[in-house]
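Protein chains in written order, with the working numbering: chain A, -4 to 313; chain B, 12 to 148.
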């Protein structure tokens, strides 16, 4: 059973069972189908821009403004009420964006590889749902029809396979449509049609078809082998090496045990040795009468206070 | 160091996960080793930023007793930048657009990180021989 057959069988079973929850499709790019009562109300896939990416990348709203709306809505992933209230889009426009994003995500899943499907309970409310769900069988048939139409083009491409570059062909920019100009601007040999869809904020089916047409018209071409990745040899010649552990610090000389020896050269300070305490001690008598009228015996330690101070300042003073 | 094997790992990761736009491998000190990046990206600056960011995140994890650091991811409105430590010696940066499935990226990077570590430290051949010996080949 092919991946598509497996997907069709499991999704049809979800529709018959009236399933409510998620179906996670593994593969490349894979995706998640959100069911409500057996109908698909949202599809998310890494292979197609969701409604948020479509609005942000198309420049309809900036990243800061979007973050503000998400904060105001209490962390909702799809702040529809805020978008409408702030005038970024109308309610009908948002419904169209959500419906287009859903169908585009189904196309991306179908155009890629499907390894398996797994039902799971809903992990929170699905973002950006459509009001009336779509039967899964109809969605898959529509996606298959689109893929068949794409593969029937003269230069068929897959959304995640070819990485085109602008051709050397000269072309008049005035003759190109806006999508063609954007594709030529961003096609650098690294981006697939899927990457270009995200970069330009358009549907992956739309961009993939445009890339196929531009390849057919000679506006794009698929480069051969991808450019080699330059690898620099780290210093030392071979591979990287774990960092060398830091060298231990030089040993600190351990002081000998016992009391420290008294220094022979440096003087040891003794409290009061400078005499400043005595010199600056308050001496009422001196202050009052220059010390000459101080009563002997009343404050003997202060008799020589100022004299001692001057003696210290000038040792030659008697 | 096997240059082709390293380039193969980087390109293989891009093919494996939808939405990866650029990858780079650098030494732990921020010295660029290999870059598969678009012209709009400065790979040298990216490597230096990644080293600084990972170092800061590691210090933060240590200071707050969060255990060993697994990765750091910076999310923006147009995508995200994921930084992974490659062993003790290097780091890898993966840039992706807003469609990239980050959980899938984390799953896909684990075996790739181990192989890149072996390639960078010139132990890839030794590891392959050990695995073959363990399997009895």
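We put the beta carbon where it would ideally sit given N, CA and C, even for glycine.
Asked	Found
C-beta neighbour in chain B for residue 2 of chain A, strict 8 Å	no
Through-space distance from residue 82 of chain B to residue 37 of chain B, alpha-carbon basis	15 Å
Below-8 Å beta-carbon distance, residue 22 of chain B vs any chain A residue	yes
Cβ of residue 193 of chain A within 8 Å of any chain B Cβ	yes
Cutoff 8 Å: residue 7 of chain A Cβ touching any chain B Cβ	no
Under the three-state DSSP convention, the category residue 139 of chain A falls into	helix
DSSP state of residue 287 of chain A mapped onto helix, strand, coil	Caution applies to residue 287 of chain A, whose pLDDT of 43 falls short of 50 and renders its modelled position unreliable; the value that the coordinates give is listed next. Residue state, collapsed to three classes: coil.
Simplified DSSP assignment, three categories, for residue 83 of chain A	coil
Supposed close pair residue 98 of chain A, residue 155 of chain A - CB separation, criterion 8 Å	18 Å between Cβ atoms; not a contact.
8 Å Cβ shell around residue 95 of chain A - same chain, five flanking residues per side excluded	49, 198
Element boundaries [alpha helix (DSSP H), containing residue 127 of chain B]	113 to 131
Close Cβ partners of residue 27 of chain B (< 6 Å) along its chain, the five nearest in sequence each way excluded	119
Cβ of residue 155 of chain A within 8 Å of any chain B Cβ	yes
Residue(s) in a DSSP beta bridge with residue 159 of chain A	A:217
Members of the segment 78 to 105 of chain B near chain A, C-beta cut-off 9 Å	87, 88, 89, 90, 97, 98, 99, 100, 101
Alpha helix (DSSP H) segment containing residue 39 of chain A, residue limits	Unbroken run through residue 39 of chain A is the beta strand (DSSP E), 34 to 39; no alpha helix (DSSP H).
Pair within 8 Å by beta-carbon distance, residue 57 of chain B and residue 35 of chain B	yes
8 Å contact criterion, which residue 42 of chain A and residue 189 of chain A should meet: CB distance rounded	6 Å
Burial state of residue 78 of chain A (16 or more Cβ within 10 Å)	buried
Outcome for residue 290 of chain A when other beta-carbon atoms lying within 10 angstroms are tallied against a minimum of 16	Because the pLDDT at residue 290 of chain A is just 44, under 50, the model does not fix this residue reliably, and the value given afterwards should be weighed accordingly. With fewer than 16 other Cβ atoms within 10 Å, it is exposed.
Inter-residue CB distance, residue 20 of chain A and residue 29 of chain A (contact presumed, cutoff 8 Å)	Actually they are not in contact, since the Cβ atoms of residue 20 of chain A and residue 29 of chain A sit about 12 Å apart, beyond 8 Å.
Beta-carbon separation (whole angstroms), residue 161 of chain A vs residue 179 of chain A, contact threshold 8 Å	5 Å
Cβ distance (whole Å) where residue 12 of chain B is taken to contact residue 130 of chain B below 8 Å	6 Å
Neighbour list for residue 61 of chain A in chain B, Cβ cutoff strictly below 8 Å	88
Buried/exposed call for residue 175 of chain A, threshold 16 Cβ in 10 Å	buried
CB contact flag (residue 40 of chain B, residue 52 of chain B, <8 Å)	no
Buried versus exposed, by CB contacts within 10 Å (16 or more), residue 26 of chain A	buried
Buried versus exposed, by CB contacts within 10 Å (16 or more), residue 15 of chain B	exposed
Under 7 Å by beta carbon: chain E residues contacting residue 72 of chain B	In summary, chain E is missing from the structure at hand, where the protein chains are A and B.
Where residue 47 of chain A falls: helix, strand or coil (DSSP)	helix
Buried/exposed call for residue 5 of chain A, threshold 16 Cβ in 10 Å	buried
Length of the line joining the Cα atoms of residue 54 of chain B and residue 21 of chain B	14 Å
Own chain, CB closer than 7 Å to residue 119 of chain A, minus 5 neighbours either side, in chain order	none
Cβ-Cβ distance between residue 153 of chain A and residue 84 of chain A below 8 Å	no
Between the CA atoms of residue 90 of chain B and residue 89 of chain A - distance to the nearest angstrom	22 Å
Short CB-CB distance (under 8 Å) between residue 38 of chain B and chain A	yes
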